[in-house]
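Take 299 as the starting number for the sequence shown in my numbering and just add one per residue. Idealized CB from N, CA, C, for every residue including glycine.
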Amino acid sequence: MIDLSHVALYLGVEFNKFCNGLFLSQRTYILHIFKEFDIEECIPSPIPMFEGLQLRIKKESSKIDTKIFQKVVGMLIYLINTKSKILFIISVLSKFIHDHRVLLLEAVTHVLQYIKRALVFGIFYAQNKNTLVIGYIDLD
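Okay, structure coming up:
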């Protein structure tokens, strides 16, 4: 049997072990997305979507390439593992996966700008010596 030691990168998720816990991020995967869609120099955004954003199919809006939109939304779905704040907007955008217009691509671009700002953030699991399991139940 071979000891593979500590995992560093698995399915696009980076694992960084520290003395006080484990940090998960998808920084390398995000940089790959930026490079693939040529948006490395985009301006970071503080929020994942604009307040009151109305995403509706407007017949007068021009359609965009199906494969590009589906690919970027699929990549963003995979980012939900470590960027839970984009969950809502990605679920809304994925509803339009078959009929997409320019307005939807602008919303996707805004999500990517938010991810650019949150590039260094991830999930930290603190090491805990306490093995007590607490469960709650509602008997109503």
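Say the cut is 8 Å; is the CB of residue i nearer than that to a heavy atom of the ligand ATP?
i: Ile345; result: Of ligands this structure carries none, so the ligand ATP is not represented either.
Return the first residue and the last residue of the beta strand (DSSP E) that residue i is part of.
i: Glu349; result: Where Glu349 is concerned, there is no enclosing beta strand (DSSP E), given that its DSSP letter is neither H nor E.
i: Tyr423; result: Ile421 to Ala424
i: Gly319; result: Gly319 to Ser323
i: Lys315; result: Val311 to Phe316
Report buried or exposed for residue i, applying the criterion of at least 16 other Cβ atoms within 10 angstroms of its Cβ.
i: Phe367; result: buried
i: Thr440; result: One cannot answer for residue 440 here, as it falls past the ends of the chain, which runs 299 to 438.
i: Ser392; result: exposed
i: Val370; result: buried
i: Ser303; result: exposed
i: Ile432; result: exposed
Excluding sequence positions up to five away, which residues of its chain have a Cβ less than 6 Å from the Cβ of residue i?
i: Met347; result: Ile387
i: Gly310; result: Gln324 and Tyr327
What residue range does the alpha helix (DSSP H) around residue i cover?
i: Thr364; result: Thr364 to Leu377
i: Ser441; result: No answer is possible for residue 441: the residues shown for the chain start at 299 and end at 438.
I'd like the list of long-range same chain contacts for residue i, defined as Cβ closer than 7 Å, with 5 residues on each side in sequence excluded.
i: Gly319; result: Phe422, Tyr423, Ala424 and Gln425
Check whether the segment 401-414 and the segment 422-432 touch, using three or more Cβ-Cβ pairs below 8 Å as the test. no
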